[in-house]
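**Q**
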Amino acid sequence: MCKPTTEKKRLLAAETFFRSFQASREPAHSVISFETPVNFTDIKILSPSMYLTTPSGGLMLGDTDPSHFPVQFMCNNLNRPNATSYEYLGEMDYDETDRIQMTCRNNIWANKLIVNGRFKSITVVVYGSPKNPDADKIQKVDHLCTLPLFPLAENRLPSDMALSNSSEPTVGTLPSHQLEDIMAFANGNFMNSNLASGLSSYFDSNFF
Numbered sequence: 001m002c003k004p005t006t007e008k009k010r011l012l013a014a015e016t017f018f019r020s021f022q023a024s025r026e027p028a029h030s031v032i033s034f035e036t037p038v039n040f041t042d043i044k045i046l047s048p049s050m051y052l053t054t055p056s057g058g059l060m061l062g063d064t065d066p067s068h069f070p071v072q073f074m075c076n077n078l079n080r081p082n083a084t085s086y087e088y089l090g091e092m093d094y095d096e097t098d099r100i101q102m103t104c105r106n107n108i109w110a111n112k113l114i115v116n117g118r119f120k121s122i123t124v125v126v127y128g129s130p131k132n133p134d135a136d137k138i139q140k141v142d143h144l145c146t147l148p149l150f151p152l153a154e155n156r157l158p159s160d161m162a163l164s165n166s167s168e169p170t171v172g173t174l175p176s177h178q179l180e181d182i183m184a185f186a187n188g189n190f191m192n193s194n195l196a197s198g199l200s201s202y203f204d205s206n207f208f
């Protein structure tokens with residue numbers, strides 16, 4: 001079944017994957033899962049100087065390392081449930097200075113996006129359309145380890161990052177001094193939270 005050509009593109013998912021130093025030395029795949037069938041149109045990778053804001057007031061900072069590497073994107077095809085391989089969407093030769101976006105031209109309905117490459121960390125932002133346009137919950141989130149999103153003081157944000165004034169998700173770039181200010185503020189809140197010690201234990205037991 002082909003996707004409707006009039007379907008409006010929207011934010012489907014935003015996810016950061018981390019790997020240990022040893023695991024990052026070999027190509028491996030990470031998976032973004034979805035609650036409902038979706039069609040992918042665009043994929044962006046956010047560098048450490050970039051951010052994503054959402055209409056609900058969320059703020060996600062990019063955390064991709066290294067600064068350049070090839071990465072492949074694949075997905076399952078829900079119209080071919082017995083297929084033994086994934087559908088190839090394309091490859092991006094990511095470079096944080098000028099190659100951060102890939103356009104996906106396909107008519108595939110999927111509920112899994114596979115990210116394959118050799119990296120220490122990667123922040124992936126996915127756009128497209130859900131099969132059910134009224135779906136409220138699209139991305140399936142693994143709650144095994146959920147980082148808190150602390151509120152950021154308005155005077156710490158650049159003037160063009162008005163989190164509550166936009167009805168659409170926004171991707172932008174932060175000057176280095178503003179990025180350092182926001183990270184220091186967020187890290188200070190995080191280290192004072194009760195989750196910090198538990199999260200440290202989680203990473204120690206699962207990645208080292």
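The sequence shown begins at 1 in my numbering and counts up one residue at a time. In this text, a Cβ means the ideal position worked out from N, Cα and C, and glycines have one as well. Note that the structure is a prediction, hence the values are computed from the model and not measured.
Just verifying my parser: in three-state terms, what is the DSSP assignment at N194?
**A** Unreliable positioning characterises N194 in this predicted model, as indicated by a pLDDT of 44, which lies under 50. A coordinate reading is not provided.
**Q** Would you check if the region 130-137 and the region 49-62 touch, i.e. whether three or more CB-CB distances between them fall below 8 Å?
**A** Flag = no, the region 49-62 and the region 130-137 do not touch.
**Q** Using only CA atoms, which one of K9, R118, I100 and A83 lies nearest to F21?
**A** Here the closest residue by C-alpha is R118.
**Q** State yes or no: is the C-beta of T41 within less than 7 Å of the C-beta of K9?
**A** Cβ distance < 7 Å, so T41 and K9 count as in contact.
**Q** Would you please state the rounded distance, in angstroms, between the beta carbons of A13 and L52? I believe it to be under 8 Å.
**A** Their Cβ separation, rounded to whole angstroms, is 11 Å, which puts A13 and L52 out of contact at 8 Å.
**Q** Cβ of P70 within 7 Å of Cβ of D98?
**A** Contact: no.
**Q** Under 7 Å, do I122 and F17 count as touching if we go by C-beta distance?
**A** The answer is yes: Cβ separation under 7 Å.
**Q** Within its chain, find whatever has a CB closer than 7 Å to the CB of N77; leave out the 5 residues flanking it on each side and keep chain order.
**A** Answer for N77: A83, E87, I108 and A110, listed in chain order.
**Q** So what's A110 in DSSP terms, helix, strand or just coil?
**A** Strand at A110.
**Q** If you drop the 5 nearest sequence neighbours on each side, which residues of the same chain put their C-beta closer than 8 Å to that of P27?
**A** Closer than 8 Å at Cβ, skipping near neighbours: N116, G117 and R118.
**Q** Taking the beta carbon of P66 as the centre, do at least 16 other beta carbons fall within 10 Å, making it buried, or is it exposed?
**A** The residue in question, P66, is exposed, as its Cβ has fewer than 16 Cβ neighbours within 10 Å.
**Q** Please state whether the Cβ-Cβ distance between E32 and L113 is less than 7 Å.
**A** Looking at the sequence provided, one finds Ile at residue 32 rather than Glu. The answer is yes: Cβ separation under 7 Å.
**Q** Measure the alpha-carbon distance for R19 versus K120 and round it to whole angstroms.
**A** Taking the straight line from one Cα to the other gives about 5 Å.
**Q** Assign P81 to one of two classes, buried (16 or more other C-beta atoms within 10 Å of its C-beta) or exposed (fewer than that).
**A** Looking at its Cβ environment, which holds fewer than 16 other Cβ atoms inside 10 Å, P81 is exposed.
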